[in-house]
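Quick notes on the structure that follows.
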Amino acid sequence: MAREQRMIEPFAPEQVREVNSQKIMSYGTSSYGYDVRCAPEFKIFTNINSTIVDPKAFDPKSFVDFPGDVCIIPPNSFALARTVEYFRIPRNVLCVCVGKSSYARCGIICNVTPLEPEWEGHVTLEFSNTTPLPAKIYANEGVAQMLFFESDEVCETSYQDRGGKYMGQKGVTLPKA
């Protein structure tokens, strides 16, 4: 289904665990889901401006843009990234993004988030470093898993029907009111 409907691009039909003879955090098709990679573009949260975090009026100066193959998240902070993969969710499918256990075992939590029917775009990923130490996220390697739930009928109202505010997002997308 994923390949025929262009649900995931680029699509890896099997688990990739090694690139150029180097072991990596796996990505690609798993038993009942798909392990995604994050692109080498990050937004790292900073309190340098001492603003209040408000999802209705978010100050973009609360982040520092960082391009790179490794993102260091400060202690007790978080960073945003985006998937390498572009998603097109069919009208009869719900997708849920969950973290990978290798990161969770290091205190790095990926926010659980849904990809609703007929949503499409790059997924903005949120990584929290719950430890008192700096933590690494690796670009172009597996960082989260997408779980797909197919219904036997299409939903009554899709994300596209509602004109969802994150429809078609590209790049790391900040909160929108």
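Under this note's numbering, the final residue of the sequence shown carries the number 177; numbering is consecutive throughout. Note that the Cβ used here is the ideal one computed from N, Cα and C, for glycine as well. Just so it is clear, the structure is predicted and the values come from calculations on it, not from any experiment.
Looking only at its chain, what residues have a beta carbon closer than 6 Å to the beta carbon of residue i, apart from the 5 residues adjacent to it on each side?
{"i": "S128", "result": "F78 and I109"}
{"i": "L147", "result": "G33 and V96"}
{"i": "T46", "result": "V64"}
{"i": "A180", "result": "Here the chain covers residues 1 to 177 and nothing more, so residue 180 does not appear."}
{"i": "K165", "result": "K176"}
Can you find the residues in the same chain that come closer than 8 Å, C-beta to C-beta, to residue i, ignoring five residues on each side of it along the sequence?
{"i": "R37", "result": "Y27, T83, V84, E85, A139, N140, E141, G142 and V143"}
{"i": "V154", "result": "R91, N92 and P117"}
Span of the alpha helix (DSSP H) holding residue i?
{"i": "A2", "result": "First-last for A2: undefined, no H or E at that position."}
{"i": "S77", "result": "Unbroken run through S77: none, as it is neither H nor E."}
{"i": "A104", "result": "S101 to A104"}
Quick check: is any heavy atom of the ligand FMN less than 7 Å from the C-beta of residue i?
{"i": "P134", "result": "This structure does not include the ligand FMN; it has no bound ligands of any sort."}
Report all residues from its chain with a CB closer than 7 Å to the CB of residue i; omit the five preceding and five following residues, and keep chain order.
{"i": "S30", "result": "Q15 and Q145"}
{"i": "G168", "result": "E120 and G121"}
{"i": "L133", "result": "P75"}
{"i": "I24", "result": "R17, E18 and E141"}
{"i": "E150", "result": "N92 and V93"}
{"i": "V112", "result": "V96, C97 and V98"}
Starting from residue i, trace the beta strand (DSSP E) both ways and give me its first and last residue.
{"i": "G142", "result": "G142 to E150"}
{"i": "A135", "result": "A135 to Y138"}
{"i": "E183", "result": "In the structure as shown, the chain begins at 1 and stops at 177. Residue 183 is therefore absent and cannot be evaluated."}
{"i": "Q22", "result": "Q22 to T29"}
{"i": "D54", "result": "No beta strand (DSSP E) contains D54, which DSSP labels as neither H nor E."}
{"i": "C155", "result": "Segment: none, C155 is in no beta strand (DSSP E) and carries neither H nor E."}
{"i": "I72", "result": "V70 to I73"}
{"i": "V64", "result": "F63 to P67"}
{"i": "R37", "result": "G33 to R37"}
{"i": "I44", "result": "E41 to F45"}
Look up residue i in the DSSP assignment and give the residues it is bridged to.
{"i": "C110", "result": "F127"}
{"i": "R88", "result": "E120"}
{"i": "L94", "result": "F149"}
Going by the beta-carbon positions, is the gap between residue i and residue j smaller than 8 Å?
{"i": "F58", "j": "P175", "result": "yes"}
{"i": "V53", "j": "T124", "result": "no"}
{"i": "R88", "j": "R6", "result": "yes"}
{"i": "I137", "j": "A177", "result": "no"}
Notebook entry, point to check: Okay, do the stretch 112–119 and the stretch 151–166 touch, 3+ Cβ pairs below 8 Å being the bar?
Noted result: Flag = yes, the stretch 112–119 and the stretch 151–166 touch.
Check: Does the stretch 62–78 come within contact of the stretch 37–54, defined as at least 3 CB pairs closer than 8 Å?
Finding: With a cut-off of 8 Å, the stretch 37–54 and the stretch 62–78 count as touching, because enough Cβ pairs lie within range.
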